[in-house]
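Order-wise, the sequence lines are chains A and B.
Sequential numbering of the first sequence, starting at 1, is according to UniProt numbering.
Sequential numbering of the second sequence, starting at 1, is according to UniProt numbering.
For every residue, glycine included, the Cβ atom is placed at its ideal position computed from N, Cα and C.
This one's a predicted model, so the numbers in the text were calculated from it and none came from an experiment.
Some notes on the structure that comes next.
There are 2 protein chains.
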Amino acid sequence: MDVKHIAKQTSKTLISYLTYQAVRTVIAQLAETDPPRSLWLQQFTSRENVQDGERYLEALFREQQDLGFRILTVREHLAEMVADYLPEMLRTGIQQANRQQRCQQLERMTQVSDVSVEGSPPPESTTD
Amino acid sequence: MDVKHIAKQTSKTLISYLTYQAVRTVIAQLAETDPPRSLWLQQFTSRENVQDGERYLEALFREQQDLGFRILTVREHLAEMVADYLPEMLRTGIQQANRQQRCQQLERMTQVSDVSVEGSPPPESTTD
C-alpha cells in the first residue's frame, strides 16, 4: 500500500473538489450581481468538465480570464477555511459511515438467519 | 458562502475517494493471494459505481460480505494514515496550483499583447 502516493492523489482530488465548489460559489455570487454572466458560467461549466479542475481553469482563462482569477482566489479561500477541520471531519466521518455499514449488514445477516436456518422445514404456504 | 456545508460536502467527497482507494488496495492485495477474487472484485467495481462509496458498499455487502468488511477496515486505516497530512498538503497544493495557473495566464497575456497591440506599429526592438 503506497500511502504517500494515496495521500498525494487524495489532495489532488480535494483540490479539484474545492475548485468545483469555488465555481458554484462564483455562479451564486454572480446570480446576485450579474445574472447574464452567472448563466454564461453555468453553461460553460456544463460544457467543460470541472472534474479535472486544472484543465477546466485553463479553458476558462482562455474565454473569461477575470472569472479564472476570481475562481483561483475563491478556491484558495475555501481551502483556508476547511483545511484545519478536515482531519477530524474525515476521521469521525469514516468511523460513523463504517459503523452504519456494519450495523446494516448485521441487521441483514440476522434477518437472513431468521428465515433460512439450514435444515429447517420449508415454510408452510407462501405463494407469491 | 456556506462554509460549514462546503466543509461537510468536502469530507463526504473525501470518504468516497478513500473508499475507492481502499477498493483498489484490496484488489491489489487479492491479486497476490487470490487472483480469481481480485478479478471478481475488479469486475464488480466496474459494474457498480464506486463514486458513491456508501451505495457501492451496500451492493458489495449483498454479494460478498467479507470483502465489504475488509474494505471498511482498509478505508479507516487509510483515513488514519492521511488525515493529519491533509491540511498542509491541501494548502501548499492549492497555492502551487494557483501560482502555476497565474503564471501560465500571464505568459499567454504577454504573448497576446506582443502580437496584437491595436493600431500600434510593430515594436522596434526589445526582445526578452
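Scanning chain B for C-beta atoms nearer than 8 Å to the C-beta of residue 61 of chain A yields 101, 104, 105 and 108, reported in chain order. Residue 76 of chain A and residue 94 of chain B do touch by the CB rule: their CB atoms are close to 5 Å apart, below 8 Å. For chain A, the residues of the region 3-19 of chain B that bring a beta carbon within less than 8 Å of one of its beta carbons are 3, 6, 7, 8, 9, 10, 11, 12, 13, 14, 15, 17 and 18, in chain order.
B/69 is the residue among B/84, B/108 and B/69 whose C-alpha sits nearest the C-alpha of residue 97 of chain A.
At a cut-off of 7 Å between beta carbons, residue 85 of chain A contacts chain B.
Close CB contacts of residue 45 of chain B within its chain, under the 6 Å cut and outside five residues either way in sequence, are with 23 (chain order). The criterion of a C-beta distance shorter than 7 Å is satisfied by residue 48 of chain B and residue 59 of chain B. Residue 79 of chain A sits close to residue 90 of chain B, with the two beta carbons spaced by under 7 Å.
The C-alpha of residue 14 of chain A is placed about 10 Å away from the C-alpha of residue 83 of chain A.
Taking C-alpha positions only, residue 16 of chain B is separated from residue 57 of chain A by approximately 24 Å. Interface residue (Cβ-Cβ distance to chain A less than 7 Å): residue 76 of chain B is classified as such. Leaving aside the five residues that flank residue 21 of chain A on each side, the residues in its chain whose CB is nearer than 8 Å to its CB run, in chain order, 75 and 78.
Below the 7 Å Cβ cutoff, chain B contributes no neighbours of residue 49 of chain A, its closest Cβ being approximately 14 Å away. Shown here, residue 49 of chain B sits in coil according to DSSP, grouped into three states, outside any helix or strand. For residue 67 of chain A, the closest Cβ of chain B is not nearer than 7 Å. Under the Cβ criterion of 7 Å, residue 57 of chain B is counted among the residues facing chain A. Residue 61 of chain A is positioned such that its CB atom lies closer than 7 Å to that of residue 105 of chain B.
Only those residues of the region 27-38 of chain A whose C-beta falls short of 9 Å from the nearest C-beta of chain B are listed: 28 and 29. Within the region 14-65 of chain A, the complete alpha helix (DSSP H) segments at least 4 residues long are 35-47 and 53-63, listed from N- to C-terminus.
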